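A.B. asks: Chains as they are written, first to last, in my numbering: chain A, 91 to 361; chain B, 15 to 254.
Just so it is clear, CB atoms sit at the ideal spot from N, CA and C, and this is done for glycine as well.
Computed from a predicted structure; not experimentally measured.
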Amino acid sequence: MPWSYLSAWAMIARAVDIAGTGMTRTEASREAVLLEALVSLADTLVADFDVVDLLASLADRCVEVFDVAAAGLMLVGPDGALRVMASSSEAMRILELFELQSEEGPCPDCYLSGKVVTHPDLASTASPWPRFSAEALAAGFRSVQALPMRLRGSVIGALNLFHTGTGEMVSADIAAAQALADVATIAILQHRAALEAQAVNSQLQHALNSRIVIEQAKGMVAERRQISTQEAFSALRTYARSQNLRLADVAQAVVEGSPSAPPWARLPRRG
Amino acid sequence: MNGTAERRARILVMLARAGHPVQTKSLCRVSAEVTGATGAGIMLMSGNTPGGSLCTTNEMSDVIEQLQYALGEGPCVDAYQQDTPVLEADLANARTRRWPAFSPPALRAGVAAVFGFPLHIGATRLGALNLCRDSAGSLDQQQYADALVMADIVAESILIFQSKAGPGGEVAAELEEAADFHWVVHQASGMVAAQLGIGIGHALARLRGYAFANERLLADVAKDVVARRLRLSADEMGGT
């Protein structure tokens with residue numbers, strides 16, 4: 091799996107640092123809301139939670155904290171297409187703006203590049219998304235940002251922010267919004283991982299058991315051949331390779347005294 | 015905002031700052047730190063018996079893990095089997111004498127209080143987090159609540175680490191890094207089984223019996239067997 095808790099910890103620490111840098115009144119309130127958002131997101135790590143609910147609250151928080159007119163999240167489905175998962179507004183015009191992005195818009199560009207996509211004035215002639223821009227302007231929006239929901243190499247979707255005014259977002263706000271998107275990404279990936287907990291635990295137990303049998307076989311061979319446990323290990327490994335067998339299976343045969351064990355590892359005939 | 019979420023966020027920040035990448039050692043260290051314990055250890059269970067220790071913070075916590083491994087009883091074993099926290103705030107004056115073999119050597123090692131918290135994610139049970147103290151006394155409410163959250167984080171982390179293991183069915187390198195899976199005990203079992211012509215289970219029982227009768231750590235006895243400094247004899251508790 092291309093992700094881990096390590097990133098979750100690092101990102102939460104980073105987000106807390108970002109939140110702690112603001113000193114103005116606006117930034118202080120942003121800090122408070124951001125911290126609260128982080129805490130509620132941290133609580134969803136692995137615990138049972140509703141992904142759609144988490145994303146909806148993230149969209150609402152963005153509107154609240156970053157002074158944007160609307161926010162929405164799109165996640166990529168198993169078929170590779172982006173779907174709107176949550177929006178701060180259920181207004182038809184806004185939902186349609188997301189629908190449209192299955193074809194063109196800032197979210198697909200952001201998802202494909204894994205980078206922040208920003209357009210400071212949709213009314214300018216240079217818009218890369220003519221249909222999207224026309225619809226967005228008709229809905230009353232002038233500028234947009236899309237931030238990637240990503241962890242290391244994998245991008246799972248994008249956070250879309252809409253503004254009624256023109257211009258860029260300040261970089262501190264972009265960093266804070268990205269931190270929220272990052273933690274939400276981790277929460278989603280953790281949730282997927284929790285579903286696999288049982289499978290991973292069985293795998294771990296199996297790995298431990300195979301290893302125990304290998305150590306036991308090493309001891310047996312070391313004693314029967316009067317060699318060191320290291321030499322016994324080499325002998326078992328060489329045998330497994332030459333016979334194209336799994337080391338764990340060879341070890342099991344030795345421990346059980348099965349006829350399929352290497353001849354030199356079997357109990358000497360008494361007689 | 016609820017208390018558990020705040021605790022979780024606070025502990026995750028502590029772990030993030032304990033070093034990157036996070037290691038099992040940081041999990042142990044932060045466990046001891048947030049709960050005001052003298053030492054902490056993480057025990058993995060294998061079936062119903064101790065399988066190995068992922069890390070310990072000091073000698074006291076190491077002895078606790080070793081004793082439970084050798085004896086098959088103690089706070090972690092109970093916490094795992096009962097799937098509930100096990101608290102012994104005053105081991106020397108315990109109200110219930112629940113660990114007759116574990117308690118005397120633990121007390122000799124300076125353990126005054128010992129606590130076990132189960133490691134589980136839903137129905138998936140992994141082992142137990144062990145906390146100990148060199149003076150008697152209960153965990154206060156905050157420490158107890160932190161220990162529960164910490165145990166969740168430890169359980170999740172173990173699976174996250176293991177989920178990164180290679181396809182060959184190995185134990186993840188991150189888990190093995192600071193761990194003691196008692197491999198030498200299994201090597202010694204194999205040797206004793208070969209020496210005495212007995213089964214592996216029986217050989218392990220003989221090693222355990224010898225260690226207990228001679229008041230030695232199972233690991234030390236096993237090391238002597240593997241180094242051929244000790245050979246168990248065919249008659250019951252003997253050895254030369």
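#1: Starting from Q235(A), trace the beta strand (DSSP E) both ways and give me its first and last residue.
#2: Along chain B, in chain order, which residues have C-beta atoms closer than 8 Å to that of Q306(A)?
#3: Could you check which residue in Q288(A), L165(A), L251(A) has the C-alpha nearest to that of H209(A)?
#4: Kindly indicate if chain B contains any beta-carbon less than 8 Å away from that of T319(A).
#5: When we look at the beta-carbon of A307(A) and count the other beta-carbons within 10 Å, is it buried (16 or more) or exposed?
#6: Output yes or no for whether 8 Å exceeds the beta carbon distance between V311(A) and Q342(A).
#7: How should S350(A) be labelled, buried or exposed, when 16 other C-beta atoms within 10 angstroms of its C-beta is the threshold for buried?
#8: Taking 8 Å as the CB-CB cut-off, is S300(A) touching chain B?
#9: Hey, would you say S67(B) sits closer than 8 Å to G53(B), going by beta carbons?
#10: How close, in whole Å, do the beta carbons of L227(A) and L237(A) come, if the pair is a contact with beta carbons under 8 Å?
#11: Quick one, which of P64(B), R21(B), E20(B) has its alpha-carbon nearest Q295(A)'s?
#12: Among R22(B), L133(B), R220(B), which one has its Cα closest to the Cα of D249(B)?
#13: For R111(B), which three-state DSSP category applies?
#14: For a quick check, are the C-beta atoms of C90(B) and A165(B) less than 8 Å apart?
#15: Using DSSP bridges, identify the partner residues of H253(A).
#16: Strictly below 9 Å CB to CB, what residues from chain B border H253(A)?
#17: Distance cutoff 8 Å, beta carbons only. Does W151(A) sit that close to anything in chain B?
#18: Which chain A residues sit within Cβ distance under 8 Å of T138(B)?
#19: Starting from T208(A), follow the beta strand (DSSP E) in both directions and report where the run begins and ends.
#20: Using the beta-carbon count (16 or more within 10 Å), is P118(B) buried or exposed?
#21: Might you give, ordered along the chain, the residues of its own chain that have their beta carbon closer than 6 Å to the beta carbon of G361(A), omitting 5 neighbours on each side?
#22: With a threshold of 8 Å, are at least 3 pairs of Cβ atoms found where one atom belongs to the stretch 38-56 of chain B and the other to the stretch 201-215 of chain B?
#23: In the DSSP output, which residue or residues are listed as bridge partners for C69(B)?
#24: Taking DSSP as the reference, what is the three-state secondary structure of A19(B)?
#25: Would you decide whether N291(A) is buried or exposed? Buried here means 16 or more other CB atoms lie within 10 Å of its CB.
#26: What runs of the beta strand (DSSP E), each 3 residues or longer, lie entirely inside the stretch 171-232 of chain A?
#27: Taking only beta-carbon positions, decide if G184(B) is within less than 8 Å of chain A.
#28: By the 10 Å Cβ neighbour count, where 16 or more other Cβ atoms means buried, how is V344(A) classified, buried or exposed?
#29: Less than 8 Å separating the beta-carbons of F188(A) and V174(A)?
#30: Among residues of its own chain, excluding the 5 on either side of S178(A), which ones have a beta-carbon nearer than 6 Å to its beta-carbon?
#31: Does DSSP put N334(A) in a helix, in a strand, or in coil?
#32: Under the assumption that A176(A) contacts V142(A) (Cβ atoms under 8 Å), give the Cβ distance between them as a whole number of angstroms.
#33: Can a CB atom of chain B be found closer than 8 Å to the CB of M113(A)?
#34: Is I135(B) close to chain A? Criterion is C-beta to C-beta, closer than 8 Å.
#35: Out of curiosity, what's the CA-to-CA distance linking Q333(A) and A297(A)?
#36: Is there contact between the stretch 123-132 of chain B and the stretch 77-91 of chain B, where contact requires at least three CB pairs shorter than 8 Å?
C.D. replies: So, to answer that:
#1: Within the first sequence, numbered from 1, the residue matching residue 235(A) stands at position 145. Its beta strand (DSSP E) spans residues 233-241.
#2: Here residue 306(A) refers to the residue found at position 216 of the first sequence. Correct list: H200, Q201, S203, G204, A207, I214.
#3: For the purposes of this step, residue 209(A) is taken as residue 119 along the first sequence, with counting starting at 1. Selection Q288(A), L165(A), L251(A) evaluated against H209(A) yields L251(A) as nearest (Cα-Cα).
#4: By 1-based counting over the first sequence, the position of residue 319(A) is 229. At least one chain B Cβ lies under 8 Å of T319(A).
#5: As a working note, residue 307(A) is residue 217 in the first sequence. Classification of A307(A): buried, given that the 10 Å Cβ count is 16 or more.
#6: Translated into the one-based positions of the first sequence, residue 311(A) becomes position 221. Translated into the one-based positions of the first sequence, residue 342(A) becomes position 252. Not closer than 8 Å, so no.
#7: For the purposes of this step, residue 350(A) is identified with residue 260 of the first sequence, where counting begins at 1. Classification of S350(A): exposed, given that the 10 Å Cβ count is below 16.
#8: Here residue 300(A) is taken as the residue at index 210 of the first sequence, counted from 1. For S300(A), a Cβ of chain B is located within less than 8 Å of the residue's own Cβ.
#9: Position 53 of the second sequence, counting from 1, holds the residue named residue 67(B). Position 39 of the second sequence, counting from 1, holds the residue named residue 53(B). Going by C-beta atoms, S67(B) is not nearer than 8 Å to G53(B).
#10: As a first step, residue 227(A) must be located in the first sequence, where it is residue number 137. As a first step, residue 237(A) must be located in the first sequence, where it is residue number 147. With a Cβ gap of about 22 Å, L227(A) and L237(A) do not count as contacting.
#11: As a first step, residue 295(A) must be located in the first sequence, where it is residue number 205. When only C-alpha atoms are compared, the closest one is P64(B).
#12: Within the second sequence, numbered from 1, the residue matching residue 249(B) stands at position 235. With distances taken between Cα atoms, D249(B) lies closest to R220(B).
#13: If you number the second sequence from 1, residue 111(B) lands on position 97. Residue state, collapsed to three classes: coil.
#14: Translated into positions along the second sequence, residue 90(B) becomes position 76. Translated into positions along the second sequence, residue 165(B) becomes position 151. Against a cut-off of 8 Å, the Cβ pair of A165(B) and C90(B) comes out as no contact.
#15: Within the first sequence, the letter at position 163 stands for residue 253(A). DSSP, once it has assigned bridges, lists S233(A) as partnering H253(A).
#16: Position 163 of the first sequence, counted from the first residue, corresponds to residue 253(A). The contacting residues do not exist; H253(A) stays about 29 Å from chain B at best.
#17: The sequence position of residue 151(A) within the first sequence is 61, counting from 1. Here residue 151(A) is Arg; the residue named in the question, Trp, does not match the sequence. So, not an interface residue.
#18: As a first step, residue 138(B) is located in the second sequence; it is residue number 124 there, counting from the start. What T138(B) touches in chain A: A287, Q288, N291.
#19: Sequence index remark: in the first sequence, residue 208(A) carries index 118 (1-based). Counting along the chain, T208(A) sits inside the beta strand (DSSP E) bounded by residues 207-209.
#20: As a working note, residue 118(B) is residue 104 in the second sequence. Around the CB of P118(B), fewer than 16 other CB atoms lie within 10 Å, so the residue is classed as exposed.
#21: On the first sequence, residue 361(A) is found 271 positions in, with the first residue counted as 1. Note that G361(A) scores 40 on pLDDT, short of 50, meaning its location in the model is unreliable; the coordinates nonetheless yield the value given after this. Nothing meets the Cβ criterion.
#22: With a cut-off of 8 Å, the stretch 201-215 of chain B and the stretch 38-56 of chain B do not count as touching, because too few Cβ pairs lie within range.
#23: Stepping through the second sequence from its first residue, residue 69(B) is reached at position 55. Answer is I56(B).
#24: The count along the second sequence starts at 1 and reaches residue 19(B) at position 5. Three-state DSSP puts A19(B) in a helix.
#25: The residue you call residue 291(A) lines up with position 201 of the first sequence. With 16 or more other Cβ atoms within 10 Å, it is buried.
#26: 172-177, 207-209
#27: Sequence index remark: in the second sequence, residue 184(B) carries index 170 (1-based). Sequence check: residue 184(B) is Glu here, not Gly. Yes, contact with chain A.
#28: Here the question's residue 344(A) lines up with position 254 in the first sequence. With 16 or more Cβ atoms within 10 Å of its Cβ, V344(A) is classed as buried.
#29: The residue labelled residue 188(A) in the question sits at position 98 within the first sequence. The residue labelled residue 174(A) in the question sits at position 84 within the first sequence. Yes; because the gap between Cβ atoms is below 8 Å, this pair is in contact.
#30: Mapped onto the first sequence, residue 178(A) falls at position 88. Result list for S178(A): A149, D150, V153, A160, A161, in chain order.
#31: Taking the first sequence and counting its residues from 1, one reaches residue 334(A) at position 244. Here N334(A) sits in coil by DSSP.
#32: Along the first sequence, one-based indexing puts residue 176(A) at 86. Along the first sequence, one-based indexing puts residue 142(A) at 52. Yes, A176(A) and V142(A) are in contact; Cβ-Cβ is about 6 Å, under 8 Å.
#33: Residue numbering aside, residue 113(A) sits at position 23 when the first sequence is read from its first letter. Here the model assigns M113(A) a pLDDT of 37, short of 50, so the residue's position is not dependable and the matter cannot be decided.
#34: For the purposes of this step, residue 135(B) is taken as residue 121 along the second sequence, with counting starting at 1. At least one chain A Cβ lies under 8 Å of I135(B).
#35: Numbered from its first residue, the first sequence carries residue 333(A) at position 243. Numbered from its first residue, the first sequence carries residue 297(A) at position 207. Cα to Cα, the separation comes out at about 22 Å.
#36: yes
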